[in-house]
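Down below is the structure, laid out as structure tokens.
Protein chains: 6
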Amino acid sequence: MPIVELHLLEGYDRADKTRLGVALTDAVRLVVPAAPEAISVMIHERSAAQYMRGRVQQKPAPALPDPAVIVRRYLDAMEARSLGAAREFLGEGFVMLFPGAPAMHDLQELLDWSRLRYREVRKTYEAAEAFQGAGEAATVYMRGTLSGVWLDGTPFDAIRFIDRFEVAGGKIIKQEVWNDMAEVRP
Amino acid sequence: MPIVELHLLEGYDRADKTRLGVALTDAVRLVVPAAPEAISVMIHERSAAQYMRGRVQQKPAPALPDPAVIVRRYLDAMEARSLGAAREFLGEGFVMLFPGAPAMHDLQELLDWSRLRYREVRKTYEAAEAFQGAGEAATVYMRGTLSGVWLDGTPFDAIRFIDRFEVAGGKIIKQEVWNDMAEVRP
Amino acid sequence: MPIVELHLLEGYDRADKTRLGVALTDAVRLVVPAAPEAISVMIHERSAAQYMRGRVQQKPAPALPDPAVIVRRYLDAMEARSLGAAREFLGEGFVMLFPGAPAMHDLQELLDWSRLRYREVRKTYEAAEAFQGAGEAATVYMRGTLSGVWLDGTPFDAIRFIDRFEVAGGKIIKQEVWNDMAEVRP
Amino acid sequence: MPIVELHLLEGYDRADKTRLGVALTDAVRLVVPAAPEAISVMIHERSAAQYMRGRVQQKPAPALPDPAVIVRRYLDAMEARSLGAAREFLGEGFVMLFPGAPAMHDLQELLDWSRLRYREVRKTYEAAEAFQGAGEAATVYMRGTLSGVWLDGTPFDAIRFIDRFEVAGGKIIKQEVWNDMAEVRP
Amino acid sequence: MPIVELHLLEGYDRADKTRLGVALTDAVRLVVPAAPEAISVMIHERSAAQYMRGRVQQKPAPALPDPAVIVRRYLDAMEARSLGAAREFLGEGFVMLFPGAPAMHDLQELLDWSRLRYREVRKTYEAAEAFQGAGEAATVYMRGTLSGVWLDGTPFDAIRFIDRFEVAGGKIIKQEVWNDMAEVRP
Amino acid sequence: MPIVELHLLEGYDRADKTRLGVALTDAVRLVVPAAPEAISVMIHERSAAQYMRGRVQQKPAPALPDPAVIVRRYLDAMEARSLGAAREFLGEGFVMLFPGAPAMHDLQELLDWSRLRYREVRKTYEAAEAFQGAGEAATVYMRGTLSGVWLDGTPFDAIRFIDRFEVAGGKIIKQEVWNDMAEVRP
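Protein chains in written order, with my numbering: chain L, 8 to 193; chain R, 8 to 193; chain P, 8 to 193; chain H, 8 to 193; chain X, 8 to 193; chain G, 8 to 193.
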């Protein structure tokens, strides 16, 4: 104990169920100080004919993609300067908030602005965290360190950063960035 | 649908169950694109005599305190410069990582260091996020803006910050801070 | 088997649960040719803290009164010519459809009309049937025989009748009457 | 909430499950004033190997046919004067109670009797209601209006009728008829 | 996993539930090679109003006493030569089958017979085993060693024995005894 | 009622489920004086993707063989003097305890010893009982009567015996034998 039973319309694949099982286990662990080994999750799947709400049988909706995967693919596309590929991950009203920059909405805008800050940058990821909050969007945090080359050609390394993303309906709608670049900028 | 059933030993209060219900709902929403209104959570509570694991009846463990509340109380104590009260919230091996600072372990150390950066600082919170990850510790994010007075007496305001906390067994064991202070510092 | 489990917010009394258990048993029997003895119903009651829909705990609504009881009390009040008491059972838009009469809306109207048909009438009930249909209203059928005295003083007896009632929110909103009076009327 | 779980041996088709889901939803609605949208029904199907009663595995019984469908097919056969087809729907001990007629047991008997009342008759259906009562038989009500031609050649129309049927083991065993014919008969 | 849920009418005390939980765990272990720690048992108790079978609410029957306790008390009474107390544990048709003896039905008969075999005997119990079989009676095995004094005054010791009991409705109806006395008898 | 639900990883065949259903029914009957017909067992099987413990999906372990079948096959092989076949059923540390014999570990040892006791022996089985106890091993009791021929050529018959076996991991690790041979031995 605790034991979680999830009743679900069938149509979710193994990876979806894995994500559900992990998220439900961790939801319990936030409140109950049980070892993970003491927490079981059982998923009961119902066919469309086996579930009715409001006197009507229901259809399952396709699973939401893993928001941490969406974000990582977007960041990889950005690092590869594939703006077109990166834009595929962005939703309506996308906004970026970077340290020392105005709110930006377009990836080209970001590249133009960053060209005045450093010559190149690479991210080394230490951790990704994804969870669902009260609102529609899921939240993803990516943190780690930046390395690259300043405008004057000096290399830099091990600069802490954290990015916060909001992902709604499988699309990134907000990116917030904090880092220590200004602490160490020449 | 989805419908979540949680089987739990009795001994959790209404606030605990509310946190469990919300966390379980959001765990489902991370994967299934259902409106919150379509997600039900039922909590079934078992007395000690009604639950057995390994041929032995089990006792419930007290609920973990809400980590977001722990963190907020710690931050309030720090803002009030009540180091003694703040230290009550800290666990074994507590470490602080601030922009431009070495890893610090003691709150007095932090105050000494910050005295060289600004005369005073206040936090305005925009949001708190708490969730459980794979490890033992729960994660809490607090974000918002800083206002205060620089060492030269100039006021500052609306500086973005984000703090990340790890809370294990009800105690804060790690605080990581990112902010835009260096971007705007005179 | 079959076994029915009903999850309910607590707040329903034993009579409510009896009605639920009987109705659920009969719902199964409409489709599955099981002897009643083979059908079990278990009612699981949840406190407000144990149930959440849409991330919010829910409150139980008071049980609907038994529509067959409502109808019987109304008919008894009518037989006793207690129009005031009878009117307490009627809802907004109440309508009566009697054989050979226009649609009537007021009980006095009915009495006036019936005075032209018979001197007195009494109902002997053989059976009451109540069930919920697709719409909001529950349906109640009362059937049996009429006895009484014609306008000319002749007594009558054993005239078949059936009354159909719609009961919504605990109030009768429609009464439809069929009987064999015209077959035997002098 | 409420949430209904039905445990059933597998072997019922989608239409059977639809009827079960609707009947269970309405059973709840008879007592609990919940909107249909707030009522969920989950059907759990067990294979023969997954269910045991009395230390013995059990086999599912074929679903009962929808009694409203049985009754409608019977009435359609009667309207088409296909006595042979109509008789297929009748069970042992079938009895008919019509206004002003003795109890009849054979369809030819009914036709002979009706030939003295009207030249032809057609039914327009307004509603069918089917439910299971305490006894073995399911009850079906059909109501609407009659049109046709009197013996003297005068047409008639819009005469209210209601038929009550008892259906046991898929066969009609009783038909009770009430209508306003005598009110308007020339 | 496995997880066992037992739905029970309320009225069983903690010791009853402990016995149920242990017996259910062991029932699973007979087939599934799971460590006891991996097997959970949850007992759901229903009030009389929360359970209906055959459209009728049911009452719980008092728990059967632990047959191993019944047997041990009987054996203790016999060892103390309290025939009256021992007889309280015996049911209708009680029969004893001892090595080399005819079937006996009365405890005095047993004492008379044993007087010809040994002067005194004491049982040292190594183990008791109780379980329910297909029939109405529960089975209890007691095994261990006998010590005592032969008719000629020689002591004996460490003679293996096993007793098998059938307990129905809380009363012992059969006692079968095997031992190695004849192997070592002088 | 009582109703038992068993949640199991899929991978068990019909015979396994039959044994589980019977054992769970009897576990309940040991405490609750319900007729077998009043006890239902439902087995819910989960695929590997539908069950998670400790944030990790689990695999089912193969069912343990029926220990009563293991024991019977071993006894049949012994009666046929097929020592090789019989040895296949024995586990590490196998020990035999026979009346009047030292603890024996090898089947040849048993045959050599028995050759000094009787010329031949056959078992007639009256009953087999198998159940799981607290320890790892399942217990099997076989009882009935022995017939055969003494060393002097005299036949014997109807000698009561009981054998107790411990079966762990599908292998017999202990055989204890009691019988009345010494009572009647010439």
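No residue lacks a Cβ here, since even glycine has one placed at the ideal position from N, Cα and C.
Would you call the CB atoms of residue i and residue j closer than 8 Å?
| i | j | result |
| --- | --- | --- |
| A134 (chain X) | A175 (chain X) | no |
| I50 (chain L) | L16 (chain L) | no |
| G98 (chain R) | I179 (chain R) | yes |
| L71 (chain X) | P40 (chain G) | yes |
| F101 (chain X) | I77 (chain X) | no |
| V11 (chain H) | V38 (chain H) | no |
| E190 (chain L) | G18 (chain R) | no |
| V147 (chain P) | P69 (chain P) | no |
| M59 (chain P) | Y58 (chain H) | no |
| N186 (chain G) | W185 (chain X) | yes |
| F138 (chain P) | F138 (chain H) | yes |
Less than 7 Å between C-beta atoms, sequence neighbours within five positions excluded: which residues of the same chain meet that for residue i?
| i | result |
| --- | --- |
| A56 (chain R) | Q64 |
| D23 (chain L) | A70 |
| G177 (chain R) | L71, P72, I77 |
| A92 (chain X) | A84 |
| Y81 (chain P) | A93, F96, I179 |
| L90 (chain X) | L114, Q115 |
| R26 (chain X) | D73 |
Please list, in chain order, all residues of the same chain as residue i whose beta carbon is under 6 Å from its beta carbon, the five residues on each side excluded.
| i | result |
| --- | --- |
| G28 (chain P) | V48 |
| G140 (chain P) | T146 |
| M111 (chain X) | M103, L117 |
| K181 (chain L) | V102, E173 |
| E52 (chain X) | L15, E17 |
| F105 (chain X) | V184 |
Could you pull out every residue in the same chain whose Cβ sits closer than 8 Å to the Cβ of residue i, ignoring the five residues on either side in sequence?
| i | result |
| --- | --- |
| R126 (chain G) | G155, V156, W157, L158, G160 |
| T32 (chain H) | V11, P43, I46, V48 |
| P193 (chain X) | W157, D159, T161 |
| R94 (chain L) | L114 |
| R62 (chain H) | none |
| L123 (chain G) | L158 |
| P67 (chain L) | L15, L16, E17, G18, Y19, A55 |
May I ask whether a heavy atom of the ligand NAP can be found less than 7 Å away from the beta carbon of residue i?
| i | result |
| --- | --- |
| Y125 (chain R) | With respect to the ligand NAP, the structure offers nothing, as it holds no ligand at all. |
Taking C-beta pairs closer than 8 Å, name the residues in chain B that residue i reaches, listed in chain order.
| i | result |
| --- | --- |
| E44 (chain G) | The chain inventory of the structure shown lacks chain B, comprising the protein chains L, R, P, H, X and G. |
query = Considering only residues of the segment 100-125 of chain X, which uninterrupted alpha helix (DSSP H) runs meet the minimum length of 4 residues and lie entirely inside it, listed in chain order?
reply = 114-121
ask   = Counting Cβ pairs, one atom from each stretch, are 3 or more of them under 8 Å apart for the segment 154-166 of chain H and the segment 164-172 of chain X?
value = no
inquiry  = Please identify, using Cβ separations under 9 Å, the residues of the segment 46-58 of chain H that lie next to chain G, in order along the chain.
reply    = So the close ones are H51, R53, S54, A55, A56, Q57, Y58.
ask   = Can you find at least 3 beta carbon pairs, one from the segment 111-131 of chain P and one from the segment 145-164 of chain P, that sit closer than 8 Å?
value = Short answer: they touch.
message = Counting only Cβ-Cβ distances shorter than 7 Å, please list the residues of the segment 60-92 of chain L near chain X, keeping chain order.
response = none
task = Would you list, in sequence order, the uninterrupted alpha helix (DSSP H) runs of no fewer than 4 residues that lie entirely inside the segment 143-192 of chain X?
result = 188-191
task = Please list the residues of the segment 10-23 of chain R that have a C-beta atom closer than 7 Å to any C-beta atom in chain P, keeping them in chain order.
result = R21
task = Using a Cβ-Cβ cut-off of less than 7 Å, give me the residues of the segment 28-42 of chain G that come near chain H, in sequence order.
result = G28, V29, T32
Runs of alpha helix (DSSP H) lying entirely within the segment 54-78 of chain L, each at least 4 residues, in chain order = none
Contact list for the segment 131-158 of chain R against chain L, Cβ threshold 8 Å = Cβ contacts with chain L come from E136, A137, F138, Q139, G140, A141, A145, T146, Y148, R150.
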